[in-house]
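Under the working numbering, the first residue of the sequence shown is numbered 66, with each subsequent residue one higher. For each residue, glycine too, the CB sits at the ideal point set by N, CA and C. Take a look at the structure below.
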Amino acid sequence: VKIAFIGVGKIGQTIAYSVIFDGLASEVILYDIIPELPEKFEHELRHAMATRGLSTEVIGTNSLDDVANADIILIMAGKPRKPGMSRRDLFVDNAKIQIDLAKQLPPKNPGALYIMVANPVDMMASIFMRFSKQFTISTGDTVETMRMRSYISKKLKVPVTKVTGYVAGEHGEDAVVLWSTVKVNGKPFEEIAKGLTKEEVENYVKSIPGEIIRVMGGTTWGPATIIKDIVRSVVLNEGRVMSIATPRTYQGEIIHISVPTVVGAEIGPSLEGVLPESDRERLNKSVEDFYKVYKENLDHLLQVI
Ligand code: NAD
Ligand code: MLT
């Protein structure tokens with residue numbers, strides 16, 4: 066399997082490392098616009114691979130021409146937010162990058178699966194798909210889902226494997242915890258919460274990335290491992306249910322909203338239809354809100370490009 070990494074800054078490097086060390090790729094292409102960065106990162110990876118006897122073919126390049134015949138293309142190219150910013154503030158700057166990539170990547174990479182990572186990730190997936198006409202998924206709320214599970218596990222002192230459930234909607238401030246799906250030791254959250262409130266869990270999920278960015282300059286290990294698991298589920302056809310965002314058409318526009326979805330060699334089906342009415346109503350509201358913000362940003366973008 067040939068996997069390309071477009072943008073090898075903080076998050077791109079960590080995902081590439083995780084993918085290679087999980088043995089998921091036979092060939093890896095690392096691309097960035099910063100001179101020498103992909104090439105020097107290639108050396109770093111080779112040194113790490115030497116100690117593990119890994120023979121994955123890795124090339125680091127500043128030429129987009131080298132990104133050819135990839136099966137999976139992950140896009141991390143874009144600005145990260147600074148403390149105090151919303152991911153949505155990155156829309157115009159990062160959309161311009163996606164439009165450029167959307168024109169350049171498809172001709173040399175027929176049939177590739179595109180996985181958007183750059184923020185605002187769901188909107189960037191929609192932009193990339195609009196301009197490339199290629200099937201694109203967003204890493205969406207896979208990250209929120211694991212943040213939710215890890216927090217409940219820590220607070221209730223139960224192994225994380227005993228916490229199940231999903232977060233859906235938009236990646237970011239508008240994410241929706243699907244409380245009907247959240248179980249601890251197989252019991253509904255309400256029965257076992259011991260004073261831990263839903264509000265506290267939701268606040269944690271939404272605020273922790275900003276706190277990590279404030280102190281560590283960016284989120285890396287958490288999202289990278291989770292995103293690597295999306296790749297893993299595709300490459301190994303694991304069929305894991307993950308809260309990725311897949312494309313849907315709403316009011317004539319392609320938009321991306323996270324819903325628990327089967328991830329394997331094929332993407333889907335989503336489990337939206339089996340969610341109870343209460344969760345589906347919140348998701349529908351999320352779709353409406355997302356569309357409104359996306360459309361405003363898109364209209365503005367179309368005027369400035
Ligand atoms: P970073 O600044 O460390 O890395 C971004 C890289 O993109 C840089 O190396 C830059 O040179 C490169 N780049 C810019 N334009 C490019 C282009 N046209 N082609 C190729 N490369 C290009 O930032 P980061 O912390 O790695 O974050 C990157 C993006 O990923 C941000 O938008 C961030 O918000 C997002 N992110 C998303 C998640 C998620 O869960 N989806 C998690 C972490 C970061
Ligand atoms: C995350 O959730 O870790 C990423 O979207 C980065 C960010 O918070 O800006």
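Checklist entry - Helix or strand or just coil, what does DSSP make of phenylalanine 70? => result strand
Item to check | Same chain, Cβ closer than 8 Å to lysine 173, five either side skipped, listed in chain order | outcome: The residues are Asp130, Val132, Ala133 and Asn134.
Item to check | 6 Å Cβ shell around glutamine 199 - same chain, five flanking residues per side excluded | outcome: Pro171 and Tyr179
Checklist entry - Closest by CA to glutamate 104, which one among Arg117, Ala330 and Val123? => result Val123
Checklist entry - What is the rounded straight-line gap between the Cα of glycine 317 and the Cα of glutamine 368? => result 19 Å
Checklist entry - Do the stretch 148-156 and the stretch 177-195 meet, that is, are 3 or more Cβ pairs less than 8 Å apart? => result Yes, they touch.
Next on the checklist: DSSP three-state label for arginine 195, please.
Outcome noted: helix
Next on the checklist: Distance check for proline 341 and valine 266, CA to CA, integer angstroms please.
Outcome noted: Roughly 21 Å separates the two Cα atoms.
Item to check | Reference isoleucine 6; option with closest CA among Asn268, Asp165 and Ile291 | outcome: An answer regarding residue 6 cannot be provided, because it is not within the stretch 66 to 370 covered by the chain.
Item to check | tyrosine 96 - partner residues in DSSP beta bridges | outcome: In DSSP, tyrosine 96 forms a bridge with Ile71 and Thr126.
Next on the checklist: Please tell me whether threonine 204 and glycine 230 are closer than 7 Å, where the distance is taken between their beta carbons.
Outcome noted: no
Item to check | Closest residue to valine 352 among Ala142, Val324 and Ala330 (Cα-Cα distance) | outcome: Val324
Checklist entry - So what's proline 172 in DSSP terms, helix, strand or just coil? => result helix
Checklist entry - Whole beta strand (DSSP E) runs in the stretch 239-291 with 3 or more residues, listed along the chain? => result 240-249
Checklist entry - Considering only residues of the same chain and omitting the five flanking positions on each side of glutamate 256, which have a CB-CB separation below 7 Å? => result none
Item to check | Whole-angstrom distance between isoleucine 217 and valine 241, CA atom to CA atom | outcome: 16 Å
Checklist entry - Shortest alpha-carbon distance to leucine 348 belongs to which of Val296, Ala289 and His321? => result His321
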